[in-house]
Amino acid sequence: MFRLVIFAIFAVSFVIITEGKPLTKDVSLNDRPIIHTNTGWLQGTTESCGLFCSYYSFKGIPYAAPPTGQNRFRAPRPHPGWSGTRDASEHGASCPANSRLNRIESEDCLFLNIYSQDLVGRRAVMVWIHGGGFDFGNGDSFTYGPDHIVDDNVVMVTINYRLGALGFLSTGDHHATGNYGLKDAVMALRWIRDNIANFGGDPDNVTIFGESAGGAAVHYLLLSPSARG
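FYI, in mature numbering (1 follows the signal peptide of the UniProt record, and there is no 0) the residues of the sequence shown are -20 to -1, 1 to 209.
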């Protein structure tokens, strides 16, 4: 179960999450690390955050099944997993948005990105929820880079969530209950809870924070019973 603690500074809040179990094949900075998660194996990269500063990067990690077809206008479902080792060197597609940004968009967009300087140990985790009026934006590092956070011995995670009508349309009945974007964030937090220890993070010390609509999402999640488990 999630334990929620409120600390309001520029819409920054805290959520504490339960424990996972680490499992890695390779944690050498000289190689591309391969990490096991409960949905499959991932191969990340190493990137630079300045002079004498490097970190592991795992991008485009699916945290839920694609919200397409029968899953459109529905709460997110767990990802069924994949076989083999998934290349985690590139960002996944952004969710369809009312934006002129030059980004690849697809309804199959429920991805998160993890950045960590060390895959061994238990470090504080910070989960960034992007802004954009719940109508545009994404969690890509092109906009929200991890450099200045991972350098402080913190594991950083950024997430995509459904936007606009695909993320928040409600018909007021069971056909489309709405708030799918926030439900996506809850699903992402559950995936993080179950897997972040594999990336050197502490599942008992996770902070969610955001900007603009992302800051509002933090408060909505703190008020939502569904974010407690």
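Backbone N, C-alpha and C define an ideal beta-carbon position, used for all residues, glycine too. Remember, predicted model here, so these are calculated numbers, not experimental data.
Output the distance between the C-alpha atoms of S206 and I14, rounded to the nearest integer angstrom.
Their backbone Cα atoms lie some 32 Å apart in a straight line.
Can you find at least 3 beta carbon pairs, one from the region 152 to 164 and one from the region 40 to 58, that sit closer than 8 Å?
The answer is yes - the region 40 to 58 touches the region 152 to 164, with three or more Cβ pairs under 8 Å.
Stretch-stretch touch, CB-based, cutoff 8 Å, three pairs: the region 146 to 155 with the region 61 to 74:
Contact fails: fewer than three Cβ-Cβ distances are below 8 Å.
Separation of M167 from R173, as counted between CA atoms:
Rounded to whole angstroms, R173 to M167 spans 10 Å at the Cα level.
Selected residue, minimal CA-CA separation from T17, among I84, M136, P42:
T17 has its Cα closest to that of P42, out of I84, M136, P42.
CA-to-CA distance, G152 to F38, given in whole angstroms:
Distance between the alpha carbons of F38 and G152: 38 Å.
Whose C-beta lies closer than 8 Å to the C-beta of T65 among residues of the same chain, with five residues either side of it excluded?
Excluding residues within five positions, the ones whose Cβ falls inside 8 Å are I14, G20, W21, L22, Q23.
Please state whether DSSP places Y141 in a helix, a strand or coil.
Correct three-state label for Y141: coil.
CB-CB under 7 Å to A44, same chain, minus the five flanking residues each way: which ones, in chain order?
Counting only residues of its own chain and dropping the five nearest sequence neighbours on each side, A44 has a CB closer than 7 Å to the CB of P56, R57, P58, H59, L90, D164, M167.
Residue range of the unbroken alpha helix (DSSP H) whose run includes N175:
160 to 175 is the span of the alpha helix (DSSP H), which, as asked, contains N175.
Spatial neighbours of N51 within its chain, please: CB distance less than 7 Å, with the 5 preceding and 5 following residues excluded, ordered by chain position.
Same-chain partners within the cutoff: A45, R57.
Using the Cα positions of G49 and E87, report the straight-line distance between them to the nearest angstrom.
Each residue's CA atom was taken as its position, placing G49 and E87 some 10 Å apart.
Alpha carbon to alpha carbon, how far is S204 from D184?
In this structure, the straight-line span from the alpha carbon of S204 to that of D184 is close to 19 Å.
In chain order, which continuous runs of the alpha helix (DSSP H) of length 4 or greater are located wholly inside the region 103 to 144?
Annotation note: the region 103 to 144 contains the following uninterrupted alpha helix (DSSP H) runs of length 4 or greater, listed N- to C-terminal: 127 to 130.
Note down, in chain order, each residue of its chain lying with its Cβ closer than 7 Å to the Cβ of A73, except the 5 sequence neighbours on either side.
Excluding positions up to five away in sequence, the list reads I84, E85, S86, D88, C89.
Given this structure, state the Cα-to-Cα distance separating W62 from N78, to the nearest angstrom.
Our two residues, W62 and N78, have alpha carbons roughly 31 Å apart in a direct line.
G112 beta carbon near the ligand FAD (any heavy atom closer than 7 Å):
By its list of ligands, the structure shown contains no ligand whatsoever, and the ligand FAD lies outside what it can speak to.
Measure the alpha-carbon distance for D120 versus I176 and round it to whole angstroms.
Annotation: D120 to I176 spans about 18 Å, alpha carbon to alpha carbon.
Taking only three categories from DSSP, how would you classify F12?
The sequence given here places Arg at residue 12; Phe does not occur at that position. In this structure, R12 counts as coil in the three-state DSSP scheme.
By Cβ distance below 7 Å, which residues in the same chain neighbour S28 in space, the five residues on each side in sequence not counted?
The answer, listed in chain order, is S34.
For S150, count neighbouring C-beta atoms within 10 Å of its own C-beta (all shown protein chains included) and say buried if the count is 16 or more, exposed if not.
Result: exposed.
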